[in-house]
Amino acid sequence: MSPFVGLLKKDYRIASLTIWLAGALLLLGFLLGFISSNRSGHHTFMMLTLFSSTFFLVFFMPAMMLILLRKEARTQLWLYSPRSSFSLFASKLIVMLSYQAIFQLIVFGYGLLTIQLFDPYILSDLHTETAVRIVIFVYFLFLFSGAAHSIIVFFYWSVYHTLYRYIAQKSLRLLVLFSIFCGYIFLESRLLNLSVTQSLIANSRISIIGDQALTNQGDWILQFQVAQVPLFYVGYYLLVVLLLLYISCMLLTRKVEV
Numbered sequence: 004m005s006p007f008v009g010l011l012k013k014d015y016r017i018a019s020l021t022i023w024l025a026g027a028l029l030l031l032g033f034l035l036g037f038i039s040s041n042r043s044g045h046h047t048f049m050m051l052t053l054f055s056s057t058f059f060l061v062f063f064m065p066a067m068m069l070i071l072l073r074k075e076a077r078t079q080l081w082l083y084s085p086r087s088s089f090s091l092f093a094s095k096l097i098v099m100l101s102y103q104a105i106f107q108l109i110v111f112g113y114g115l116l117t118i119q120l121f122d123p124y125i126l127s128d129l130h131t132e133t134a135v136r137i138v139i140f141v142y143f144l145f146l147f148s149g150a151a152h153s154i155i156v157f158f159y160w161s162v163y164h165t166l167y168r169y170i171a172q173k174s175l176r177l178l179v180l181f182s183i184f185c186g187y188i189f190l191e192s193r194l195l196n197l198s199v200t201q202s203l204i205a206n207s208r209i210s211i212i213g214d215q216a217l218t219n220q221g222d223w224i225l226q227f228q229v230a231q232v233p234l235f236y237v238g239y240y241l242l243v244v245l246l247l248l249y250i251s252c253m254l255l256t257r258k259v260e261v
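Per the numbering used here, the very first residue in the sequence shown carries number 4; after that it's consecutive.
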């Protein structure tokens, strides 16, 4: 067994209980939504639980990453491990991505069930190509969002514990992190408002979803308009998260005491 596989098994074992609890809460929410909608004969409760589950998908990976990193801080294993900082983080990221992918399949399946129960003919009105584009785009968007936010958590965690060598007070270290966040927001706003940046954004748009509308017996309408995604943002945020990952690994390579 390779050392990296051993790391994966260790992180799976450490995270398993918390992840199963999170999954149980997700399924419980879906069950309550299904029961409430079945009793009322209206789709509102299932739709509410479906939309609420998107918050679960957004925050699951960064929250779990923070939990795993806090456990590393308590055990001090990171400090004495012979493995590289990148491999230690990559192991956790793979664990989180695998569970995120599974949870997304569950949420998407629940969404399909919601549609089928209350209007089984609605999917026939939606072009297959459009449906496939929507599913693929949203599925990978959530995966990328989860991975990106996990790297951001990793970055702030690394900076926070690196600062311990210079600043003992937790409140002051948190203030530094807040200053970094504010500084980044300011610099990004200035960068994205530059004329050259606006030109790149305008010239890098691609259409993801075409014009289409779905109705449910005149009760509600779901409109799919042309969604144009600037590829500039994809490249920009990918570059940002890779840079943050590199900085985080460099900080922890110095074996900071966590």
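From the three backbone atoms N, C-alpha and C, an ideal C-beta is built for every residue, glycine too.
- For Ser-148, the three-state secondary structure derived from DSSP is helix.
- For the segment 175 to 214, the continuous alpha helix (DSSP H) assignments of 4+ residues that do not extend past its boundaries occur at 198 to 205, in sequence order.
- Boundaries of the alpha helix (DSSP H) around Tyr-240: 234 to 256.
- Thr-52 sits away from Gly-26, with the two beta carbons spaced by 7 Å or more.
- By the 16-neighbour rule on beta-carbons within 10 angstroms, Val-98 is buried.
- Cα atoms of His-45 and Leu-234: separation of roughly 40 Å, rounded to the nearest angstrom.
- Here Gln-172 carries a coil assignment [DSSP, helix/strand/coil].
- The beta carbon of Thr-47 lies closer than 6 Å to none in the same chain, with the five residues before and after it left out.
- Here the segment 233 to 250 makes contact with the segment 196 to 207; the two share three or more CB pairs at distances below 8 Å.
- Within the DSSP bridge table, the entry for Gln-231 names Ser-210 as partners.
- Per DSSP, Arg-86 lies in no alpha helix (DSSP H) and is assigned neither H nor E.
- For Ser-251, same chain residues with a beta-carbon under 6 Å away, outside a window of 5 residues either side, are Phe-157, Phe-158 and Ser-161 in chain order.
- Look at the beta carbons and you see the segment 106 to 114 not touching the segment 65 to 75: under three pairs across the two are nearer than 8 Å.
- With 16 or more neighbouring CB atoms inside 10 Å of its own CB, Glu-75 falls in the buried class.
- Looking at the backbone, the Cα of Leu-11 and that of Ser-101 are separated by about 11 Å.
- Per DSSP, the unbroken alpha helix (DSSP H) holding Tyr-15 starts and ends at 6 to 43.
- Within 10 angstroms of the beta-carbon of Ile-38 lie fewer than 16 other beta-carbons, which makes it exposed.
- One alpha carbon belongs to Gly-9, the other to Leu-35, and they sit about 38 Å apart.
- Counting only residues of its own chain and dropping the five nearest sequence neighbours on each side, Leu-248 has a CB closer than 6 Å to the CB of Ile-154.
- The distance from the Cβ of Leu-60 to that of Gln-107 is about 6 Å, consistent with a contact at the 8 Å cut-off.
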